[in-house]
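Notes to accompany the following structure.
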Amino acid sequence: MKTVTINPVTRLEGHGKISIFLNDEGNVENAYFQVPELRGFEKFCEGRPVEEMPDITSRICGVCPEAHHIASTKALDAVFHVDPPPAAKKLRELLYSAFFVADHTTHFYVLAGPDFIMGPTAPKAERNILSVIAKVGLDVGSSVIKHRSDALDVIAMIGGKRIHPICGVPGGVRKPITEAQRAKIEAIAESEVEFAKFTLKIFDDIVLGNKEYVNLITSDIYATETYYMGTVDDRNRVNFYDGKIRVVDPDGIEFEKYSPADYQQYISEHVEPWTYLKYPYLKKVGWKGLVGGKGSGVYRATPLARLNASEGMATPIAQAEYKRMYETLGGKKPIHSTLATHWARLVELMYAAERMLELSRDPDITSPNVQTLPTAVPDEGVGSIEAPRGTLIHHYKTDEQGMVKNVNLIVATVNNHAAISMSIKQAAEGLIKKGEVSDGILNMVEMAFRAYDPCYACATHTLPGEMPLDIRIYNQQGVVTRTIRRP
Amino acid sequence: MIKNDIREMGLTRVVVASCSPLMHEPTFRRAVQSAGLNPYLFQMANIREQCSWITENRELATERAKAIVNAAVMRVNFNEPLEVEKIPVNSNVLVVGGGITGIEAALQIADSGKKVYLVEKEPTIGGYMTRFDKTFPTLDCAACILTPKMVSVEQHENIELLTYSDVTDFSGYVGKFTAKIRKRPRYVDEDKCTGCGLCEEKCPLSVPSEFDCKLGKRKAIYRPFPQAVPNVPVIDREHCLYFTKNICKVCVKFCPHHAIDFEQKEKYIEVPVGSAILATGFDLFDASRIKEYGYGKLPNVITSIEFERLTHASGPTAGKIQLKNGNLPESVAIVHCVGSRDQNYNEHCSRVCCMYSLKTAHLVREKTDAKVYEFYIDMRAFGKGYEEFYKRVLHEDVTFIRGRVAEITDVAQNPSEEGKLIVVAEDTLLGIVRRIPVDMVVLSVGLEPRKDAGQLAHVFRISRSKDGFFLERHPKLAPVSTAGQGIYVAGACQSPKDIPDSVAQGAAAAANVLSFVDKGEIEMEPTIAILKEEACSGCKICIGLCPYGAINFDESSGRAVITSVLCKGCGVCVAACPSGAIEQQNFTNKQLMAEIEAICS
Amino acid sequence: MTKPKIAFNWASSCGGCEIAIFELGTKLVELSNKVDVVFWPAIFDYKYTDLEAMPDKSIDVTFFNGAIRNSENEDVAKLLRAKSKMLVAFGACAYGGGIPALANTTTRAEIFTSSYQETQTTNNPEKIIPRTKVEMREGVLTIPEFYNTVKTLDQTVDVDYYVPGCPPVGAQVEKVLNQFVDGNLPPKGAVLGASDKSLCHECKRIKADRKITKLVRSYQTIADPEKCLLEQGIMCMGPATRGGCGGICLDANAGCRGCYGPLPNVVDQGGKMLSALASVFETENEEEMQKLADSVADPIGTFYRFSLAGSLMRRIKK
Amino acid sequence: MVIDLATRFEPKIVGFLCRWCAYTGADLAGLSRINYPPNITPIRVNCSGRVDPTLVLKALATGADGVLIAGCHPGDCHYINGNAKTIRRFKLLQRLLQQFGIEKERVRLEWVSASEGGRYARIVESMTEEIRSLGPLNWKKEMAIAA
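Listed in order, the protein sequences are those of chains P, U, Z and B. When you read off a place in the first sequence, starting at 1, and then add 46, the result is the number in this note's numbering. When you read off a place in the second sequence, starting at 1, and then add 11, the result is the number in this note's numbering. When you read off a place in the third sequence, starting at 1, and then add 60, the result is the number in this note's numbering. When you read off a place in the fourth sequence, starting at 1, and then add 519, the result is the number in this note's numbering.
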């Protein structure tokens, strides 16, 4: 039997590792995606004072610490049965929207952009941010850096730090913002909205203007039928900060809609002995292995999944883009094509920027009343939020002194763990036939993977989407007959 | 030998493994120094007191000894040469307390030509001794031996006597202290008054005399007793008709020297001194605290000090030992250990009661025909001539009953007890409870720390032991020194003492003071806290910690500042400093860590 | 002159340290002209095969972030040590263990049982626990060994310099990178990109007198933004923590958690903070002392939040 | 019962003794030839208030099975109230050690006056026996096999 080992890098590195096993006909027998690391937050948070959790759990991920910090803070509200003042909730959401702007911007330009802007067949040497800047113009490059940096300034203003914010406390945030800060934030938000429009235009011109891509996006290789999950507001519109969790089936029919506090009735996690990362799945459907379709509990929680699981966006421009996307891609909901996730991400970028602007203009936002002191005895609470890479859940139980007794975390990217594995296998199957390994596999598999923007910061060590590849093909004697490397 | 090795082998560090550093560290340090090596490059390993002498287990002891020596060797690597700082000493001496102890100390020092400030809170010096009649065991009259000394204090050119005064603040450091003294107003000008006594004679108002334990009377303007030093009366504001009713002024009218001055105010003076001796003495146990003894309720239950006044020739009864009704007692009980050797009151032995109780017995026998019962727990007669005195009293027909008195009552159980005081006690020799009917009971009250001892300790920044008396530097090797350099304690303020011991300590303290006052300089222990300025973060954690106020915060530099002369080297700030900016010389972290590693590995 | 060759690597940590470098944005672009980045798996496409092929000491300086959590982290550390002239422990995790080292309050067995069996949503009837080597029908799959104790970088390989912080603040990162570019470096073993004084030194809050009569949990009170937090009874590791971060947490009305590690003359950050804190408990009464001591909710998590692996005790006894 | 002295576990105890009371008291025990197990090695300090908790952690981490801090009785301190600071630190230190899994019998704070040689001997004796029954702490080894 032949083994194709796709190693992001050698065994030494902590990146995910892909092994593809071929059968005697040289077709794909099986493909495994392994995650080699675990840190055990769920255990070592036990015994800590629960109010420290937002600061501790933000260290699960330095790429999306805001997500963990805010989810954790919301869990504290629940643990202490305290309702934050309006200003506090809005400040949290404002910080959070700024974070979405920064994160989605990074992904599109720095990580995913190259594939589209330079073209999938362009030599790898050109497929990086620098070439992108060269193509779209230097001013765009600096504009990307500026708008990302501005968004982080907003995070720092409200959160205290650019990385690992520390503003969250049960019942609110530690500090209000001044009028001067508000004005600055409003100015930034206005500019972010324009920037989002500009980004969507680039996508139109370069991506949608190119038939090749549209075909790619709609091709079967990248279509995986699964359930879709996302948080929605009372009108089933996408919401990042708060709401009910909605799940639609592969036909787009609402399958479940529940309050995050009840997540245990809907989500289970499967364990395999050959990877440190678990596989969440829909409890009511059950674990049927790494397969898609109605019969399998595998679901996705990505920007595309959020749009699929919703009925629209809560801000005007984003809503318009939402409709345009579905119409352009055949008018069917849900869209199963993994690559459409990139477009969905930009629709979310638009929403985040608009939401930022709304909140920066909200009269409550500078209210000095940003903290309600808890009075109830702490016991248990769930905090949930939409991270850029999926629905994030923090669940704590404490003793009456508020010392943590039990922690359960369902981390955003992990939601998609099964789907990612499937997409990789699928790409492999689609491209490896009779032992013939096309050079294309490299980039194709990579694109499938990158679409998820998988942030394995918490588990593996790549920044979102960046998965350098290296394929080796062994003959029966286990001798490398061929090596395909990038570039 | 060590000296030779240092010279010949050019040793840079020396470790001696032998006895406790408390014994011979100074000796070896001197030796090392005389060989030209800094004495602090020497380290002592104590393998005797705390190793070889505490076990039979040779094997283990050897292991331990190795560890101890190893620790010393590792440590000595990090020892640094330290210079002993010498600071000039002001030769003036402050003596607090004008009892026999303070008087002795003051005279010794003054005679050597040094200036002494003697502070006494009462209107006169002399202390308790002025109220005693005879003193054990020699039975010579207290006044006869005390009065001359009081007088020479008054006349001594080197002694500035500050009576009716107290020390309210004591700042600075050894060799350079400043004592703040409060002089309370006498309302009599000490310079003008000649002590003729006319004012007392003419004063219309009589009140009970504290000096006589309220057994006798005094006037509103008074001297506690005729031989008071200074021989200047004081006006008692509480009672004086001028102060209470704004009338009278008889004293003003009659004073031939116009010494009466109702306008006097309390005065504060500051005096510079290089050292101080505390000889503030003791308080007597308040017998009324022991309800079972009925003191204060049963008229003829009196304390030993009251007895002293009764038997004193110039006392209220002119020395007649009598009952409240004037009759002579037919029987007298003397009760030992009142408030002493008793968990409920004071655990300590007051040391003097046994002997003065014997004296009491003797005086009763000598002056009356009364039968005397002496209730004791153990008879302690340890001083020179004491045992002999005990024997003597044994033959004076005194009944000794061994047992602590349980109760003193006037409730009779049979006719023979009617109108008597019944002393109930278990006779531990006979093993029976005895009820002895008597006319008078003398309670031999114990000695306690002064009520204000705590406050005084605070003013002088010295420590007290559990029993509340001032704490000496070392119970055996430095009995009159304290942890506070330049501050000494003597007499009963350190622990209960009789007159001979108190006088001895007074002299000892004087000698201690003179030894460095004479040198004109004093050596500071170099094991003090040093601030590494560049490392101080100005977090202020240490500021409040120093019990000697040696650490202050300098706003301009934003740093702590340690006044090394004030530092006594406890190291509390060193352990606390979160920046690790404070080190204690000869107890640096490096040295201690090296010891730990050597011991543990 | 030839540009210095530098490398970045990421072991057991959240990635915030790499973001902190990424955060330099335009400055990073400028900097990248002054150096050759020969290895940075997170940002550019380099492979360990290339690294292994490099001659020893061919990298001028490697910035290593993350603690040593598993066998893979250790192997990477050793490989990079061999290839680098200078190795820098970058960030709280590599320096003192950081948050991941809080796992030293538990054990490998407990973590596995918790993660793969006990957590509410886990459905694992066969009680499967990941193994380093698994025989599959198609072949063998391997994953690294998860250690029982988290180690710091210098407990694993020799380290030349340390850069504290979770993550190091931008200004300091820039300063440090330039120090290496310009080659003006203090003696080996030094801590870079931080102050030599405690956070109190740069704290703008008013410090009155250091007397602590009560300690409250942060959620029990709204902190006065002007006064020293400790004096308000709010835990702040400032006195025992290196400055250099600019006191951003204090400005945000939050107490310092100690991510910049111990001061130059201090062996054990936690032990020192404990000593300093208890020293200023304002009471001579033993019961009150006990009460104050008990009001420190989680001593290890408080005094060793970021430095447990690098502390004297390193882990709990189990 | 026969105890094989060769194999019997002999606790290694580090003692921080204040120079005024505890150390003098320990000397007195020796001068009075009072027997107690030679399992403690004294380190002399001026005042128990000098004992930085870090030193205790250092001792335990380096291989001590127990640590004794001994000073003057409360209210009896030669530095007025140095030992009061020791108590404050000790109470917090005990909580920390408990979290580290170190039995409270291993680290003790005791008061021994200069005249209490017997008391000192009894303390060391009881401490040695308690630790003996707890067994070695072996912190160094634990760390050596950290992985």
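By construction, the Cβ of each residue, glycine as well, lies at the ideal position given by its N, Cα and C atoms. Quick caveat, the model's predicted, so the values are computed rather than measured.
Requested in this report: Using the Cα positions of Z:D358 and P:G427, report the straight-line distance between them to the nearest angstrom.
Outcome: Walking along the third sequence from the start, residue 358 of chain Z turns up at place 298. Walking along the first sequence from the start, residue 427 of chain P turns up at place 381. Z:D358 and P:G427 have their alpha carbons spaced roughly 21 Å apart.
Requested in this report: Kindly indicate which three-state DSSP category P:F126 falls into: helix, strand or coil?
Outcome: For the purposes of this step, residue 126 of chain P is taken as the residue at position 80 of the first sequence. Coil, per DSSP.
Query raised in the report: Under a Cβ-count criterion, where at least 16 other Cβ atoms within 10 Å of its own Cβ denotes burial, should B:V564 be classed as buried or exposed?
Result: For the purposes of this step, residue 564 of chain B is taken as residue 45 along the fourth sequence, with counting starting at 1. It counts as buried.
Query raised in the report: Rounded to a whole number of angstroms, what is the C-alpha to C-alpha distance between P:P414 and Z:R168?
Result: Here residue 414 of chain P is taken as the residue at index 368 of the first sequence, counted from 1. Here residue 168 of chain Z is taken as the residue at index 108 of the third sequence, counted from 1. The straight-line gap from Cα to Cα measures roughly 46 Å.
Query raised in the report: Which of the residues in the segment 218-238 of chain P, read from start to end, lie with their CB under 7 Å from any CB of chain Z?
Result: Hits within the stretch, in order: R220 and K221.
Query raised in the report: Leaving out the 5 sequence neighbours to the left and right, which residues in its chain are closer than 7 Å to P:A497 when beta-carbon positions are compared?
Result: Numbered from 1 along the first sequence, position 451 holds the residue referred to as residue 497 of chain P. Setting aside the 5 residues that flank it on each side, P:A497 is surrounded in the same chain by T384, L385, T387 and H388, each with a C-beta closer than 7 Å to its C-beta; the list follows chain order.
Query - Runs of alpha helix (DSSP H) lying entirely within the segment 531-602 of chain U, each at least 4 residues, in chain order - result: Annotation: the segment 531-602 of chain U contains the following complete segments of the alpha helix (DSSP H) (minimum length 4 residues), in chain order: 583-587.
Report task. Output the residue ranges of the alpha helix (DSSP H) runs that lie fully inside the segment 567-632 of chain B and measure 4 residues or longer, sorted by chain position. Result -> Given a length threshold of 4 residues, each whole run of the alpha helix (DSSP H) inside the segment 567-632 of chain B is given here in chain order: 572-581 and 601-619.
Query raised in the report: How big is the Cα-Cα spacing for P:A503 and Z:G225?
Result: Indexing the first sequence from 1 puts residue 503 of chain P at position 457. Indexing the third sequence from 1 puts residue 225 of chain Z at position 165. Confidence is the limiting factor: at P:A503 the pLDDT is only 44, short of 50, which leaves the residue's position unreliable, though a coordinate-based value still follows. Looking at the two C-alpha atoms, the distance is approximately 18 Å.
Query - Contacts that Z:P299 makes with chain U (C-beta to C-beta distance below 8 Å) - result: Counted from its first residue, the third sequence places residue 299 of chain Z at position 239. Proximity of chain U to Z:P299 at the Cβ level (cut-off 8 Å) is accounted for by S548, C550, I552, P589 and S590, in chain order.
Query raised in the report: At what residues does the alpha helix (DSSP H) containing Z:Q232 begin and finish?
Result: Translated into positions along the third sequence, residue 232 of chain Z becomes position 172. Looking at the DSSP string, the run of the alpha helix (DSSP H) that includes Z:Q232 is G230 to D242.
Query raised in the report: Cβ of B:A603 less than 9 Å from any chain Z Cβ?
Result: Position 84 of the fourth sequence, counting from 1, holds the residue named residue 603 of chain B. It does: the Cβ of B:A603 has a partner Cβ on chain Z nearer than 9 Å.
Requested in this report: Please name the residue in U:D144, U:C588 and U:I98 whose C-alpha comes closest to that of U:S325.
Outcome: To locate residue 325 of chain U, count along the second sequence from 1; it is residue 314. Out of U:D144, U:C588 and U:I98, the CA that lies nearest to the CA of U:S325 is found in U:D144.
Query raised in the report: First and last residue of the beta strand (DSSP E) that includes P:Q80?
Result: Here the question's residue 80 of chain P lines up with position 34 in the first sequence. V74 to Q80 is the span of the beta strand (DSSP E), which, as asked, contains P:Q80.
Query raised in the report: U:G108 to U:N563, Cα distance in whole Å?
Result: Numbered from 1 along the second sequence, position 97 holds the residue referred to as residue 108 of chain U. Numbered from 1 along the second sequence, position 552 holds the residue referred to as residue 563 of chain U. The straight-line gap separating the alpha-carbon atoms of U:G108 and U:N563 is approximately 33 Å.
Query raised in the report: Could one say the Cβ of U:V662 lies closer than 9 Å to chain Z's Cβ atoms, at least one of them?
Result: Outside the shown range of chain U (12 to 612) lies residue 662 of chain U, about which nothing can therefore be said.
**Report entry** Whole-angstrom distance between P:Q472 and P:F145, CA atom to CA atom
**Finding:** Position 99 of the first sequence, counting from 1, holds the residue named residue 145 of chain P. Position 426 of the first sequence, counting from 1, holds the residue named residue 472 of chain P. The alpha-carbon separation between P:F145 and P:Q472 amounts to approximately 32 Å.
Requested in this report: Flag this pair as yes or no: are the beta carbons of U:V162 and U:C204 separated by less than 9 Å?
Outcome: Here residue 162 of chain U refers to the residue found at position 151 when the second sequence is read from its first residue. Here residue 204 of chain U refers to the residue found at position 193 when the second sequence is read from its first residue. No, the pair does not count as a contact, with Cβ atoms beyond the cut-off.
Query - Where the alpha helix (DSSP H) containing U:Q466 begins and where it ends - result: For the purposes of this step, residue 466 of chain U is identified with residue 455 of the second sequence, where counting begins at 1. Segment A464 to F471, the alpha helix (DSSP H) holding U:Q466.
Report task. Whole angstroms is fine: what's the gap from U:S567's alpha carbon to U:V576's? Result -> Counted from its first residue, the second sequence places residue 567 of chain U at position 556. Counted from its first residue, the second sequence places residue 576 of chain U at position 565. Cα to Cα, U:S567 sits roughly 22 Å from U:V576.
Query raised in the report: beta strand (DSSP E) containing U:Q54: first to last residue?
Result: As a first step, residue 54 of chain U must be located in the second sequence, where it is residue number 43. Here the beta strand (DSSP E) through U:Q54 covers F53 to N57.
Report task. Over the uninterrupted alpha helix (DSSP H) stretch that includes U:M451, give me the two end residues. Result -> If you number the second sequence from 1, residue 451 of chain U lands on position 440. It is not in any alpha helix (DSSP H) - U:M451 instead sits in the beta strand (DSSP E) that spans M451 to V456.
Query raised in the report: To the nearest angstrom, how far is it from the Cα of U:Q61 to the Cα of B:I559?
Result: For this step, residue 61 of chain U is matched to residue 50 along the second sequence. For this step, residue 559 of chain B is matched to residue 40 along the fourth sequence. Rounded to whole angstroms, the gap between the alpha carbons of U:Q61 and B:I559 is 9 Å.
Query raised in the report: Between P:K451 and P:D445, what straight-line distance do the alpha-carbon atoms span, to the nearest angstrom?
Result: Within the first sequence, the letter at position 405 stands for residue 451 of chain P. Within the first sequence, the letter at position 399 stands for residue 445 of chain P. Straight-line Cα distance between these residues: approximately 7 Å.
Query - Contact list for the segment 274-294 of chain Z against chain U, Cβ threshold 8 Å - result: Within the segment 274-294 of chain Z, no residue qualifies.
Report task. Assign U:T291 to one of two classes, buried (16 or more other C-beta atoms within 10 Å of its C-beta) or exposed (fewer than that). Result -> Start at 1 with the first residue of the second sequence, and residue 291 of chain U comes out as number 280. Buried, by the Cβ-count rule.
Report task. With 9 Å as the C-beta to C-beta threshold (strictly closer), list the residues of the segment 344-359 of chain Z near chain B in chain order. Result -> Against chain B - using a Cβ distance shorter than 9 Å - the residues of the segment 344-359 of chain Z are E344, E346, M349, Q350, L352, A353, D354, V356, D358 and P359.
Report task. Return no unless some Cβ of chain P is closer than 9 Å to the Cβ of Z:M196. Result -> Taking the third sequence and counting its residues from 1, the one referred to as residue 196 of chain Z is at position 136. Z:M196 counts as touching chain P.
Requested in this report: Report the three-state DSSP secondary structure of U:F236 (helix, strand or coil).
Outcome: Here residue 236 of chain U refers to the residue found at position 225 of the second sequence. In the three-state reduction of the DSSP assignment, U:F236 falls in the coil class, being assigned neither a helical nor a strand state.
Requested in this report: Compare the C-beta of Z:I203 with all C-beta atoms of chain B and state if any pair is closer than 9 Å.
Outcome: Sequence index remark: in the third sequence, residue 203 of chain Z carries index 143 (1-based). No, its Cβ sits nowhere closer than 9 Å to a Cβ of chain B.
Query raised in the report: Taking the alpha-carbon positions, what's the Z:A5 to B:N600 distance?
Result: The structure shown does not extend to residue 5 of chain Z, since chain Z is modelled only from 61 through 378, so no value can be given for it.
Query raised in the report: Per the contact definition of three or more C-beta pairs closer than 8 Å, is the segment 320-337 of chain U in contact with the segment 347-356 of chain U?
Result: They do not touch, by the three-pair rule.
Query raised in the report: Sorted by chain position, which residues of the same chain lie with C-beta nearer than 7 Å to P:G217's C-beta, five sequence neighbours on each side aside?
Result: In the first sequence, counting from the first residue as 1, residue 217 of chain P sits at position 171. Leaving aside the five residues that flank P:G217 on each side, the residues in its chain whose CB is nearer than 7 Å to its CB run, in chain order, D123, F126, V128, P130, Q417, T418, L419 and P420.
Query raised in the report: To which residues does DSSP link P:I291 through a beta bridge?
Result: Along the first sequence, one-based indexing puts residue 291 of chain P at 245. As DSSP reads the structure, P:I291 sits in a beta bridge with P:T277 and P:Y304.
Query raised in the report: In angstroms, rounded to a whole number, what distance separates the CA positions of U:Y617 and U:E544?
Result: Residue 617 of chain U lies beyond the residue range present for chain U, which begins at 12 and ends at 612; the question has no answer from this structure.
Query raised in the report: Is the number of C-beta pairs between the segment 162-177 of chain Z and the segment 285-292 of chain P that are closer than 8 Å three or more?
Result: Here the segment 162-177 of chain Z does not lie against the segment 285-292 of chain P, with fewer than 3 beta-carbon pairs under 8 Å apart.
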